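Counting in our numbering, the sequence shown tops out at residue 242, every number present. Glycine is no exception: its CB is placed at the ideal position from the N, C-alpha and C atoms. Here the structure is a predicted model, which means the values were calculated and not measured.
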Amino acid sequence: VVAEFRDFVSVMRIDLNLLSREVTAASHTPNDVALDHTSLQAYLDGYNGARTPAGPLAKAAIIAAYETEYGLAAEEQSCLAFLLFIHADRRSTFTPFGVFSDERYHLVGGNDRIAEGLTRGLPGQLTH
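Spelled out as structure tokens, the structure:
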């Protein structure tokens with residue numbers, strides 16, 4: 115997976131280099147919009163600046179990670195969000211949610227222990 119991901123980083127860099135300095139709703143280029151309108155699935159299938167698909171293992175890992183994290187099918191997620199968030203450095207370790215992700219923190223017994231503890235500690239004050 116890691117080797118395929120590293121190979122795909124050069125593909126991502128092509129598109130990252132074409133993005134405007136700061137992509138916002140008010141400030142964007144036609145290329146920014148084109149990438150925003152390209153699904154993550156299509157991007158990984160080869161609809162990218164290099165016209166190169168991701169390797170099958172990297173593609174499966176990225177799709178599984180992003181569908182699990184965001185609860186949307188890869189066809190419904192923007193590749194722009196993926197490109198802006200993922201850490202695209204061939205020398206680094208594989209970080210599917212970028213370097214600022216909270217996915218690196220886990221509690222023994224599950225992260226839901228935080229919400230359960232808050233509910234117990236603040237009875238009647240928390241609702242969902």
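Contacts around residue i, its chain only, beta-carbon distance under 8 Å, and the 5 residues preceding and following it disregarded
i, result
"R204", "With a pLDDT of 46 at R204, under the threshold of 50, the predicted position of this residue should be treated as unreliable, and no value is reported."
"N131", "none"
Strand pairing of residue i, partner residues [DSSP]
i, result
"S192", "S153"
8 Å Cβ cutoff met for residue i and residue j
i, j, result
"L149", "L186", "no"
"I128", "G163", "yes"
"A174", "Y180", "no"
"V147", "L198", "no"
Same chain, Cβ closer than 7 Å to residue i, neighbours up to 5 away in sequence not counted
i, result
"Y161", "T152"
"Y184", "Q191"
Local Cβ density within 10 Å of residue i, reported as buried at 16 or more and exposed below that
i, result
"L154", "buried"
"I176", "buried"
"L171", "exposed"
Own chain, CB closer than 6 Å to residue i, minus 5 neighbours either side, in chain order
i, result
"R196", "Going by the sequence as given, residue 196 is Phe instead of Arg. Same-chain partners within the cutoff: L154."
"T143", "S134"
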